[in-house]
Every structure is written in structure tokens, then in C-alpha cells.
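Heads up, the thing below is written out as C-alpha cells.
Protein chains: 2
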Amino acid sequence: MFVSLPVQTAAPAAYLPLETSQPQKAETHLKPGAYLFYEGDDMEFLYQVTSGVLRLTRLLADGRRQVIAFGYPGDIIGFSSNGIHHTDCKALTDVRLQPFRRSALERGEGDRILHAAFLQAALREISSMQDHFMVLGRKSASEKLASFLCMLDERVGTESGAYRSVTLPMNRADIADFLALTTETVSRTFTQLRKSKIIAVNNNHTVIIQRPTALKGLARGDCR
Amino acid sequence: MFVSLPVQTAAPAAYLPLETSQPQKAETHLKPGAYLFYEGDDMEFLYQVTSGVLRLTRLLADGRRQVIAFGYPGDIIGFSSNGIHHTDCKALTDVRLQPFRRSALERGEGDRILHAAFLQAALREISSMQDHFMVLGRKSASEKLASFLCMLDERVGTESGAYRSVTLPMNRADIADFLALTTETVSRTFTQLRKSKIIAVNNNHTVIIQRPTALKGLARGDCR
DNA sequence: CGCGGCTTTGAAGTTGATCAAGGTCGGTGG
DNA sequence: CCACCGACCTTGATCAACTTCAAAGCCGCG
Numbered sequence: 001m002f003v004s005l006p007v008q009t010a011a012p013a014a015y016l017p018l019e020t021s022q023p024q025k026a027e028t029h030l031k032p033g034a035y036l037f038y039e040g041d042d043m044e045f046l047y048q049v050t051s052g053v054l055r056l057t058r059l060l061a062d063g064r065r066q067v068i069a070f071g072y073p074g075d076i077i078g079f080s081s082n083g084i085h086h087t088d089c090k091a092l093t094d095v096r097l098q099p100f101r102r103s104a105l106e107r108g109e110g111d112r113i114l115h116a117a118f119l120q121a122a123l124r125e126i127s128s129m130q131d132h133f134m135v136l137g138r139k140s141a142s143e144k145l146a147s148f149l150c151m152l153d154e155r156v157g158t159e160s161g162a163y164r165s166v167t168l169p170m171n172r173a174d175i176a177d178f179l180a181l182t183t184e185t186v187s188r189t190f191t192q193l194r195k196s197k198i199i200a201v202n203n204n205h206t207v208i209i210q211r212p213t214a215l216k217g218l219a220r221g222d223c224r
Numbered sequence: 001m002f003v004s005l006p007v008q009t010a011a012p013a014a015y016l017p018l019e020t021s022q023p024q025k026a027e028t029h030l031k032p033g034a035y036l037f038y039e040g041d042d043m044e045f046l047y048q049v050t051s052g053v054l055r056l057t058r059l060l061a062d063g064r065r066q067v068i069a070f071g072y073p074g075d076i077i078g079f080s081s082n083g084i085h086h087t088d089c090k091a092l093t094d095v096r097l098q099p100f101r102r103s104a105l106e107r108g109e110g111d112r113i114l115h116a117a118f119l120q121a122a123l124r125e126i127s128s129m130q131d132h133f134m135v136l137g138r139k140s141a142s143e144k145l146a147s148f149l150c151m152l153d154e155r156v157g158t159e160s161g162a163y164r165s166v167t168l169p170m171n172r173a174d175i176a177d178f179l180a181l182t183t184e185t186v187s188r189t190f191t192q193l194r195k196s197k198i199i200a201v202n203n204n205h206t207v208i209i210q211r212p213t214a215l216k217g218l219a220r221g222d223c224r
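Chain order of the listed sequences is P and A. So the first sequence is numbered by full-length UniProt numbering: it starts at 1 and just counts up by one. So the second sequence is numbered by full-length UniProt numbering: it starts at 1 and just counts up by one.
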């Protein structure tokens, strides 16, 4: 019986457009702060993120919020089983998107290759959501933040001098609602990681990973 | 901007076999306590649950555990994006399963109808996982348990006299690890729901829903 | 009857939430 | 260029929910 390693998401580390021979709708563009769709909207399109970052959220009646996912280049956004969107989707940066007609999901319709690509994307999504269950359910605040930073580093981290670094287009509240914490706790945890020299923080939107091994260990839950 | 209603999973409320014309492997059978696969195993097959209940779990190095899902009749079990299982899968009851070759997921291979059915199943899975994010991340202990009972009632609840009732094939620890609580808290919360006459509990494995509206309200988070 | 596994209950301990100020930074307008 | 404003972030003090630790109860089964 193994122990959970975060799935080595063979997710498109770099943006990789879906293969298709179908005539497609033209690329869509979104300004920071703009919404792509709201919860309850009819699903007309699926989108593959070409560039930029999106935020998918859900709300409870009393305002409690959960960030369901951040959408990065390569990700497919807007999957729904019943033709209704179940999240709000907002652009955090300038975003470019490739839309695909909803019918591309339906049986028979659309080209086979595209269909298979959607299934692969859905399977990757399931994998990463399973990882996140563990994060939400069983990890401490510092383990959660470490997991988040590691995940972002794997997806969109860049070499910067001696260290790798990650840009955070979302604010502390978004991170809090993704990790099921409060902004205060996220902030305190950043401070803690900074003080233990595991990371350094620039202008609150750039994190430099000074001790990657320590960060990964924390993320895995080797120690609390 | 809407507020999250748990997705009306158009999930096969009753077991609905996948349509396929393909020659299939014969149905598999599992005794209670038997494992279907372990984390790290190669994925050879996908399975549709015909009858019985499965439990999918993940572990952290220090033993912290998260129940990823319970597999009920109609559910597709064993989705993986990279051909490796990322959970342990154990039968909680006698289980019958219809296996499907992994290749049925791959592009080109297999029949189109089956392929589309898998995609639909994957999309439903994503929907229900999104619901569960909200439960794990933002709900209190009693809201979590109420959500769990409502979900089970929708899926497999039965009319029993004046009330509906739900059978729980899993134990308190499994429920705890599904909802990210401890067995003690789950037990206390059951007691609390019992004392407020929202539910009645039989032999610890049967719950009678005495006040469905109160239970649903609690699950939605109308009040804490 | 008695054993073992599961569940319940109680008391004390912790983690993270809440409440409440300040502090920082970037943009705007005088 | 500087002052101000607002949004966001940080820090501190207190609090509550849930966990942990401990012990007893229940129940099905050999």
C-alpha cells in the first residue's frame, strides 16, 4: 500500500493547444477583473486557456467562498455535466481563450481527436482535484501553502538566478479561499515560511523558493 | 451571481449500465474487505459498479488518510490520467463490477458511444468533486455530516414508512476521513443530530431522516 | 460468556478563526 | 513632486471549533 505522492500531472507543463481539425470560433480575450461566466449560466462553450490566469469560485448563501481552481494556460475551463456552469469564472490577468462549442462534448458530434483530448483533460482534472482533497482535508496551514507553492512552481515556476520563483496573480484572499484558510492565516503562514528562509517574497506577488527541498517536504507532510 | 446549490447530479440515481456494443470482459466479484487495486498499481481496467459499495482512499506518509470517494452502483471507478492508480480501492460490501479495458479511454480505440459515456461519467465526477470542495473547505462539522447524508439519500435513500432512510455501509472512521473530521467528531455530530430529532439512528448503519427540510437546510449552510 | 472491534462520551489541548488596529504600496490628482 | 486615498496585507489578542487523549459502553460473534 503506497503513500500519496502528488500526481505527477503530466499536465501540459507548457501550453499545448488541443489538436483539432474542426473549424473553431475565434480566440476570445478578457481584461483583468472581467467575468467569463457566472454560476447558473448556460454552458455554451468550453475554453482552453491560451494565456493568463482565471479564477473559478463557488459561494454559499452567507458568503462563504471556495476557490475551486485557478485556470492556467493549457487548462480546459467550463466542464459541466448538465449544461449549466456551477462556478463563477473571473480573469485575474489579461486572458486569451480558445472556445470550443459545447456540442464537442456530446456523443457522435465533433471530431474524435478533440473528443479524446477533452476526456484526457477531464481525467487530469480529476487527478489534480484528488490531490487537492488531501490538501483541503488533511493538511495543516503551512502544508497547504507549501503544497500550493510547489504546485504552482511545477506548473509555471521559472528559473531566476540561483533559485526558482513563482508569480502569484491572485491575492491573499483568493489563496485563502483556495486552501480553505483565512487571509490572516495565509499572511501569517507566508511570514513563517519567510522567517524560516524557505521562501522570500518580493512585492507580495513574487515568491522565490530558497529551500525547495524543505518546501517539498512540508508539502508532502513529512513533518508538520 | 448565484449561490452554490449542490449540483443536481443527473447521476444515474439508479444503476444504469453503460451502452456498448463492444465485447466485454466478464463481470468481476469482490468480497467485503477485498481490495480492487492499490495506489501505484498499473491501471488495467476501469470498472462500472453494478452493485455494492467501494471506498477510495489516499494516505500521507504519517498515516493521515483522506477518503476520496465512495463508489456506488452506476459509478465509474478507476479513472486515471497516466495509467497509474492514485488511490487504494476497497470493497465495503459484496461488490459486482463490470470491467472495461483501459484502452477504451484512448483516442481512436474502442467504440464512440462508450467513449462518450466515459466522458459524461468523468464530467459528473468533476461536478460532484466540486461540491465536495465546498464541503471540505467551508462547511462546519454538522453541515458536513448533513451534506453527506443528503447526498447519500439522493443517491441511494429509500422510502421506509413515513420517512426516508439511508444505509451506511462504511464505519465512522470512513465517514470522518471522507469529511475531514475525526471519528470522535463524527460520533458527536451524529448524537447532536439525533438529539435535535433531525435524524434517528438504528444499528449505527441505518439513518432515518425525520426532518428532511432541516437536514437539507443544514447541508446548504443556511444556518450553521 | 467473553473477546475484539467499533462507537460514544468526557476533559484538556491546539490550530486556525475572528475581531481589531496598523502598515504598505501603487495610483491619482493637486 | 508630493499628499492622499483605497485596496490589500500584516500583526496582535482573544476565542471557538475541532482534535487529542483517555476511558468506558455497546454489540455481534465465536
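In this text, a Cβ means the ideal position worked out from N, Cα and C, and glycines have one as well.
Identified DSSP bridge partners for E159 of chain P: Here residue 159 of chain P corresponds to residue number 159 of the first sequence, with the count starting at 1. Secondary-structure assignment with DSSP links E159 of chain P through a beta bridge to P:R164.
Limits of the alpha helix (DSSP H) - the one that D131 of chain A falls within: Indexing the second sequence from 1 puts residue 131 of chain A at position 131. That run of the alpha helix (DSSP H) goes 112-138.
Close beta carbons around A69 of chain P, own chain, < 7 Å, minus the five adjacent residues each side: Here residue 69 of chain P refers to the residue found at position 69 of the first sequence. Cβ contact annotation for A69 of chain P (same chain, cutoff 7 Å, sequence separation greater than five): L56, in chain order.
is_contact[A10 of chain A, chain P] using C-beta, thresh 8 Å: Residue 10 of chain A sits at position 10 when you count from the first residue of the second sequence. The predicted position of A10 of chain A is uncertain, since its pLDDT is 43 and thus under 50; a value taken from the coordinates is nonetheless stated next. Judged by the 8 Å Cβ criterion, A10 of chain A is in contact with chain P.
Cβ neighbour criterion (16 or more within 10 Å) applied to K25 of chain A: As a working mapping, residue 25 of chain A is identified with position 25 in the second sequence. Exposed, by the Cβ-count rule.
Cβ distance (whole Å) where L215 of chain P is taken to contact I209 of chain P below 8 Å: On the first sequence, residue 215 of chain P is found 215 positions in, with the first residue counted as 1. On the first sequence, residue 209 of chain P is found 209 positions in, with the first residue counted as 1. Indeed they touch by this definition, with Cβ atoms about 6 Å apart.
Segment contact, 8 Å Cβ cut-off, at least three pairs: the stretch 89-109 of chain A with the stretch 29-43 of chain A: Three or more beta-carbon pairs drawn from the stretch 89-109 of chain A and the stretch 29-43 of chain A are found closer than 8 Å, and the two stretches are therefore classed as touching.
Touching by the beta-carbon criterion (3+ pairs, under 8 Å), the stretch 180-199 of chain P and the stretch 115-133 of chain P: Taking 8 Å as the limit for Cβ pairs, the verdict is that the stretch 115-133 of chain P does not touch the stretch 180-199 of chain P.
C-alpha gap between Q98 of chain A and I76 of chain A, whole angstroms: For the purposes of this step, residue 98 of chain A is taken as the residue at position 98 of the second sequence. For the purposes of this step, residue 76 of chain A is taken as the residue at position 76 of the second sequence. As the crow flies, the alpha-carbon of Q98 of chain A is around 9 Å from that of I76 of chain A.
Beta-carbon spacing of I126 of chain A, F100 of chain P below 8 Å: On the second sequence, position 126 is the one that residue 126 of chain A refers to. On the first sequence, position 100 is the one that residue 100 of chain P refers to. Cβ distance not < 8 Å, so I126 of chain A and F100 of chain P don't count as in contact.
Buried or exposed (CB count within 10 angstroms, at least 16 for buried), S160 of chain A: By 1-based counting over the second sequence, the position of residue 160 of chain A is 160. Label assigned to S160 of chain A: exposed.
Positions along the UniProt domain "Cyclic nucleotide-binding" (27-78) of chain A whose CB lies within less than 8 Å of some CB in chain P: Under the 8 Å Cβ criterion, the UniProt domain "Cyclic nucleotide-binding" (27-78) of chain A contributes Y38, E39, G40, R58, L59, L60, A61, D62, R64, R65, Q66, I68.
Nearest-angstrom Cβ-Cβ length linking T206 of chain P and S165 of chain P, presumed shorter than 8 Å: The count along the first sequence starts at 1 and reaches residue 206 of chain P at position 206. The count along the first sequence starts at 1 and reaches residue 165 of chain P at position 165. T206 of chain P to S165 of chain P, Cβ: 6 Å. Contact.
Segment contact, 8 Å Cβ cut-off, at least three pairs: the stretch 148-158 of chain P with the stretch 141-157 of chain A: Look at the beta carbons and you see the stretch 148-158 of chain P not touching the stretch 141-157 of chain A: under three pairs across the two are nearer than 8 Å.
Candidates P:K139, P:Y163, P:T189, P:D174, of which the one nearest L60 of chain A by Cα: By 1-based counting over the second sequence, the position of residue 60 of chain A is 60. Taking only the C-alpha atoms, the option nearest L60 of chain A is P:K139.
Local Cβ density within 10 Å of D42 of chain P, reported as buried at 16 or more and exposed below that: The count along the first sequence starts at 1 and reaches residue 42 of chain P at position 42. D42 of chain P counts as exposed, since fewer than 16 other C-beta atoms from the protein chains shown sit within 10 angstroms of its C-beta.
DSSP beta-bridge partners of C89 of chain A: Sequence index remark: in the second sequence, residue 89 of chain A carries index 89 (1-based). DSSP output for C89 of chain A lists A:F37, A:L56 as bridge partner(s).
Chain P within 8 Å of G217 of chain A, Cβ atoms only: Position 217 of the second sequence holds residue 217 of chain A. False, the Cβ-Cβ gap to chain P never drops below 8 Å.
6 Å CB neighbourhood of Q8 of chain A in its chain, flanking five on each side removed: Within the second sequence, residue 8 of chain A is the residue found at index 8, counting from 1. Below a pLDDT of 50, predicted positions are generally treated as unreliable, and Q8 of chain A, at 47, falls in that range; the measurement from the model is reported next regardless. Closer than 6 Å at Cβ, skipping near neighbours: no residue.
Distance between beta carbons of K197 of chain P and R211 of chain P, contact taken as under 8 Å: Taking the first sequence and counting its residues from 1, one reaches residue 211 of chain P at position 211. Taking the first sequence and counting its residues from 1, one reaches residue 197 of chain P at position 197. That belief holds up - the Cβ atoms of R211 of chain P and K197 of chain P are roughly 6 Å apart, short of 8 Å.
Residue burial classification, R224 of chain P (beta-carbon count within 10 angstroms, cutoff 16): Here residue 224 of chain P refers to the residue found at position 224 when the first sequence is read from its first residue. Under this definition R224 of chain P is an exposed residue.
Burial state of A104 of chain A, where buried means 16 or more other Cβ atoms lie within 10 Å: In the second sequence, counting from the first residue as 1, residue 104 of chain A sits at position 104. In the assembly as shown, A104 of chain A is a buried residue. Its beta-carbon has 16 or more other beta-carbons within 10 Å.
N- and C-terminal bounds of the beta strand (DSSP E) containing I199 of chain P: Residue mapping note: residue 199 of chain P aligns to position 199 of the first sequence, counting from 1. Note, I199 of chain P: beta strand (DSSP E), 199-201.
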